[in-house]
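Below is one structure, written out as structure tokens; the observations come after it.
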Amino acid sequence: MGRALSVSILVLGLFSSAHAIGQSTCVSFQASSSAFSVVDNGRAAPVFLSSSEWPGVQLAASDFVSDIQKVTGVKAQLANVTATSSDLKTAEVPILVGTLGKSSLIDQVVNNTKLNVSSIEGKWESFLTKVVSNPLPGLDKAYVIIGADKRGTIFALYDHSEQFGESTGVSPWYWWADVPVTKHSNLFISPSGCSHGSPTVKYRGLFLNDEQPALQNWAMEKFTNGTGAALTGSPFNHFFYTKLFELLFRMKANYLWPAQWSSAFNVDDPLNQPLADYYGIVMGTSHEEPMMRSIPVEWGLFGTGPWDYSVNNKTIYQFWVQGAERARPYESLYTMGMRGDGDLPLSATDAIGSLKQVVSDQRQILTNVYNGTNVTSIPQMWCLYKEVEGYYDQGLQVPDDVTLLWTDDNWGNIRRYPIPSERNRTGGAGVYYHYDYVRAGAVRGIEVETDG
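With mature numbering (1 follows the signal peptide of the UniProt record, and there is no 0) applied, the sequence shown corresponds to residues -20 to -1, 1 to 432, in that order.
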């Protein structure tokens, strides 16, 4: 469909020995005595959830059912049920989907079967799936898909979808790049299921940068009536982000820096942020946009005076307060620090001293806005981009709980990784990597480096 997507890749968080999700295979296309039938001879297992389930899980379950139909041509029943619903008495063995502590249906299954969920309980984005016997009164058997949290359940569903084919099943790019779906008449799952622990990298996402002209013009054509948002002119509305959020989850991402240069995520469309929360996407802002505010667009609309903390700190401080207040109801990862106007170095004579004051004030804002919450429990990240990495190497102190986001040189060459003394920081570390980079004069470079 001629879609264009210019991105940088973000991976950051606490690194551990946990397994990455999406690695084992549990789907097959031939029947066996022990396999669970998703689709067999034109009949599909129904998919049931609790009405108390997270909205994002409900959306993913709808996509899961749609994916089954894309692969097999058979439409499975999708319904919200209780343990006593008549729908459970179907002739087909059902798939029961839900999140621990959120789904009354799944909580009852765990209680009835004494299912051991200790391998996932309380563990970030992990999930467990398997065939269980006598899960609910009057139900002999079911295949359960259980997430430790909202995104654990969501990733479990999309992980199955991606396996519904010899290679990619339903590709994450089926819509964006028209990747064809591999067709099969029957789908089966091993009785032990497709369980996975927490991902090794906690936050995994994209940055939509240099979006003009390709992505912005395309979005204007596809998602608007020819005019963008009233205040910004941006086409990046909730219709656009609906497609992007689904793509992120199918790629096992959970984090986004939204389009920046002619856009302001919360101003472009007031439905954008609630939609991200509805889906379960963690929102952030780019390396030069601290405290969940858009730079330059929001500052140009609502700020006054120069973007210079050394001479305009009171105005900028309040600008950041408003960003934190707006973001507080939602799951956010705050960008800390500051760069100069136009994504350039700070103009302050003592840049390191200025940044120390900036971050001190930003953390005080978070403490105040979150009603005295310990600031170390609020997710924060500081991107060591260009000259900021130099300040860090010169002795700029970063609070231990703040994630250090290391960067490439814009062309795919990582400048440095954490040294041994930096590897035990409670905030962990991450990488900001350019898949596509556009610099002044519209010179474009694309680098993809892999190390198998």
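Quick reminder that beta carbons are idealized off the backbone N, C-alpha and C, glycines included.
Listed as beta-bridge partners of R23 by DSSP are D20.
Under the three-state reduction of DSSP, R343 is assigned to helix. With a 10 Å radius around the Cβ and a threshold of 16 neighbouring Cβ atoms, P193 comes out exposed. Taken in chain order, the complete alpha helix (DSSP H) segments of 4 or more residues contained in the segment 204 to 272 are 218 to 230, 245 to 248, 252 to 259. Under the Cβ criterion (8 Å, minimum of three pairs), the segment 53 to 72 counts as touching the segment 23 to 33. Counting only unbroken stretches of 4 or more residues, the alpha helix (DSSP H) elements lying wholly within the segment 122 to 164 are 130 to 142, in sequence order.
In the assembly as shown, Y397 is an exposed residue. Its beta-carbon has fewer than 16 other beta-carbons within 10 Å.
Put simply, of G177, V89, T133 the residue whose alpha carbon is nearest the alpha carbon of S99 is G177. Collapsing the DSSP output to three states places K55 in coil. Residue environment for R273: buried (at least 16 other C-beta atoms within 10 angstroms of its C-beta). Taken atom to atom, the span from the alpha-carbon of A409 to that of T180 is near 12 Å. In the structure shown, the three-state DSSP call for I358 is coil.
Taking a 10 Å sphere around the C-beta of N189, we find 16 or more other C-beta atoms and assign the residue as buried. Relative to Y221, the option among C174, A256, P276 whose CA is nearest is A256. Remark: C-beta atoms of Y314 and L346 approach each other more closely than 8 Å. Look at the segment 374 to 412 and you find these whole runs of beta strand (DSSP E), each 3 residues long or longer: 383 to 387. A Cβ-Cβ distance of about 15 Å is found for the pair H164 and F44, leaving them out of contact under the 8 Å criterion. Boundaries of the beta strand (DSSP E) harbouring I75: 75 to 79, taken from the DSSP string. Contact between C6 and Q143 holds, since their C-beta atoms are separated by about 7 Å, short of 8 Å. Assignment of N293 by DSSP, reduced to helix, strand and coil, places it in the helix class. Where T62 is concerned, there is no enclosing alpha helix (DSSP H), because DSSP gives it neither an H nor an E. Under the Cβ criterion (8 Å, minimum of three pairs), the segment 149 to 163 does not count as touching the segment 74 to 90. In this structure, G173 places its C-beta atom within 8 Å of the C-beta atom of T109. Residues of the same chain with a CB within less than 6 Å of the CB of F229, apart from the 5 flanking positions on each side, are I134, Y138 in chain order. The beta-carbon distance between G118 and L68, rounded to whole angstroms, is 7 Å. This is short enough to meet the 8 Å contact definition. Taken atom to atom, the span from the alpha-carbon of G132 to that of N234 is near 11 Å. I86: not part of any beta strand (DSSP E); member of the alpha helix (DSSP H) spanning 84 to 93, first to last residue.
Annotation for V277: no beta strand (DSSP E) segment contains it, though the alpha helix (DSSP H) segment containing it runs 277 to 282. DSSP assignment within the segment 165 to 207 yields the following whole alpha helix (DSSP H) runs of 4 residues or more, N-terminal first: 194 to 203. Excluding the 5 residues flanking it on each side, R343 has same chain C-beta neighbours closer than 6 Å at V355, in chain order. In its chain, beyond the 5 residues on either side, L376, Q377 have a beta carbon closer than 8 Å to the beta carbon of K336. In this structure E268 is in contact with D323, their Cβ atoms being roughly 5 Å apart against a cut-off of 8 Å. DSSP places P115 in the uninterrupted beta strand (DSSP E) bounded by 107 to 116.
The shortest C-alpha to C-alpha distance from V97 to any of I126, Y413, T265, W391 is the one to I126.
The beta carbon of E101 sits closer than 8 Å to the beta carbons of L80, A128 from its chain, once the five residues preceding and following it are set aside; these are given in chain order. Here V97 carries a coil assignment [DSSP, helix/strand/coil].
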